[in-house]
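Everything on this sheet refers to the single structure shown next.
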Amino acid sequence: MSMNSSTHANTAKRYPDSQVEVRGLEARYYDLLMDVASLGRYKGFIEGAIGDMDIQPGDRILDLGSGSGRNACLMRHYSGEDGEIQGYDIGDEMMARFRTRCARHGNVQVARQPIDEDFPPDAPFDKALISFVLHGLPHPSRLKVLDNVYHALRPGGTFHILDFGEFDPDHRALPVRWFFRHVECPYATDYVRRSWTENLEGAGFVVTEQHPYVWGLARLLTAQKPVTPPLASV
Ligand SMILES: C[S@@+](CC[C@H](N)C(=O)[O-])C[C@H]1O[C@@H](n2cnc3c(N)ncnc32)[C@H](O)[C@@H]1O
Numbered sequence: 197m198s199m200n201s202s203t204h205a206n207t208a209k210r211y212p213d214s215q216v217e218v219r220g221l222e223a224r225y226y227d228l229l230m231d232v233a234s235l236g237r238y239k240g241f242i243e244g245a246i247g248d249m250d251i252q253p254g255d256r257i258l259d260l261g262s263g264s265g266r267n268a269c270l271m272r273h274y275s276g277e278d279g280e281i282q283g284y285d286i287g288d289e290m291m292a293r294f295r296t297r298c299a300r301h302g303n304v305q306v307a308r309q310p311i312d313e314d315f316p317p318d319a320p321f322d323k324a325l326i327s328f329v330l331h332g333l334p335h336p337s338r339l340k341v342l343d344n345v346y347h348a349l350r351p352g353g354t355f356h357i358l359d360f361g362e363f364d365p366d367h368r369a370l371p372v373r374w375f376f377r378h379v380e381c382p383y384a385t386d387y388v389r390r391s392w393t394e395n396l397e398g399a400g401f402v403v404t405e406q407h408p409y410v411w412g413l414a415r416l417l418t419a420q421k422p423v424t425p426p427l428a429s430v
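Following the working numbering, the numbering of the sequence shown begins with 197 at its first residue and continues without gaps.
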């Protein structure tokens with residue numbers, strides 16, 4: 197597969213079947229679409245989830261697939277003047293929206309960086325957030341993201357996955373079955389059927405907290421990079 201360069205504007209989709217590579221009008225009006233589709237509840241939902249991340253003043257936070265910057269601005273409210281938020285994204289419209297929205301904060305920025313390729317060298321981060329991106333990637337790319345985050349965090353740092361919960365869509369109510377069959381991409385069905393505790397443990401993390409939302413259809417999963425690395429990796 198030909199991958200996008202980290203430094204050049206994207207033309208082709210990395211994964212044609214994925215729906216998280218948001219572009220064009222959908223990207224320009226992404227926040228409005230989310231608000232309308234959720235009947236106005238998305239804002240409260242995302243504010244609650246970010247509140248559950250326990251962000252401290254001064255935290256350096258990596259925001260993977262940072263989109264329009266809505267989450268970054270919310271996190272900045274907690275990390276404050278002394279913190280820093282670094283978004284990574286590949287969507288031109290999304291990054292433009294991020295830069296406009298976060299322009300007033302010198303310590304909130306976004307860079308073009310595929311989250312499933314090696315990250316550039318940087319000081320260790322205290323936290324990383326990935327919000328509604330992981331489900332839309334092929335599984336090997338998701339594992340690469342987990343590995344990247346493990347190496348980007350300081351020991352004791354935390355990784356927060358805000359995304360769909362874990363369930364079998366075929367065993368949920370009709371609207372949920374319909375949504376996963378006809379609206380979401382096939383990667384999403386694969387995502388919700390996997391054990392994310394196992395995947396995170398496989399990448400070296402320890403799962404510390406889970407916050408389910410909307411009857412378990414969504415979830416904030418928190419995992420910590422241990423302070424002491426596992427014996428095998430010493
Ligand atoms: C569904 S949007 C979610 C945006 C934001 N995280 C939020 O919760 O509002 C997915 C975002 O991930 C970005 N994205 C998708 N695949 C990516 C990849 N491989 N590397 C970096 N960003 C990616 C898209 O450009 C888009 O901005």
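The beta carbon of each residue, even a glycine, is placed where N, CA and C say it ideally should be.
None of the values given here were measured: they were computed from a predicted structure.
Residue from the options whose Cα sits closest to the Cα of residue i
i           : options               : result
residue 146 : 295, 387 and 357      : Summary: the structure shown does not reach residue 146, with the chain confined to residues 197 through 430, and so no result is reported for it.
residue 242 : 372, 408, 340 and 419 : 408
residue 360 : 254, 406, 226 and 309 : 406
residue 316 : 282, 335, 289 and 240 : 282
residue 442 : 276, 313, 321 and 309 : Absent from the structure is residue 442, since the part of the chain shown begins at 197 and ends at 430.
residue 340 : 390, 399 and 263      : 399
residue 278 : 254, 332, 284 and 295 : 254
residue 330 : 266, 224 and 386      : 386
residue 318 : 382, 257 and 370      : 257
residue 227 : 250, 290 and 247      : 290
Assigned secondary structure, residue i (DSSP; H/G/I helix, E/B strand, else coil)
i           : result
residue 423 : coil
residue 204 : For residue 204, the predicted model reports a pLDDT of 46, less than 50, meaning its position is unreliable and no value from the coordinates is stated.
residue 225 : coil
residue 414 : strand
residue 360 : strand
residue 289 : helix
residue 371 : helix
residue 209 : coil
residue 377 : helix
residue 265 : coil
residue 217 : coil
residue 235 : coil
residue 273 : helix
residue 299 : coil
residue 248 : coil
residue 312 : coil
Burial state of residue i (16 or more Cβ within 10 Å)
i           : result
residue 236 : exposed
residue 418 : buried
residue 348 : buried
residue 221 : exposed
residue 217 : buried
residue 411 : exposed
residue 388 : buried
residue 436 : This structure cannot speak to residue 436, because the chain is shown only from 197 to 430.
residue 306 : buried
residue 323 : buried
residue 365 : buried
residue 252 : exposed
residue 352 : exposed
residue 354 : buried
residue 325 : buried
residue 204 : Residue placement at residue 204 is poorly supported in this model, since its pLDDT is 46, which falls under 50; the coordinates still yield a value, given next. Residue 204 is exposed by the Cβ-count criterion.
residue 280 : buried
DSSP beta-bridge partners of residue i
i           : result
residue 284 : 260 and 307
residue 382 : In the DSSP output, where bridge partners are listed per residue, residue 382 has none listed.
residue 405 : 418
beta-carbon residue i near ligand 3 non-hydrogen atom, thresh 6 Å
i           : result
residue 234 : Here the bound small molecules are ligand 1; ligand 3 is not part of this structure.
Can you list the alpha helix (DSSP H) stretches of 4 or more residues lying completely in the segment 314 to 355, in chain order? 335 to 348
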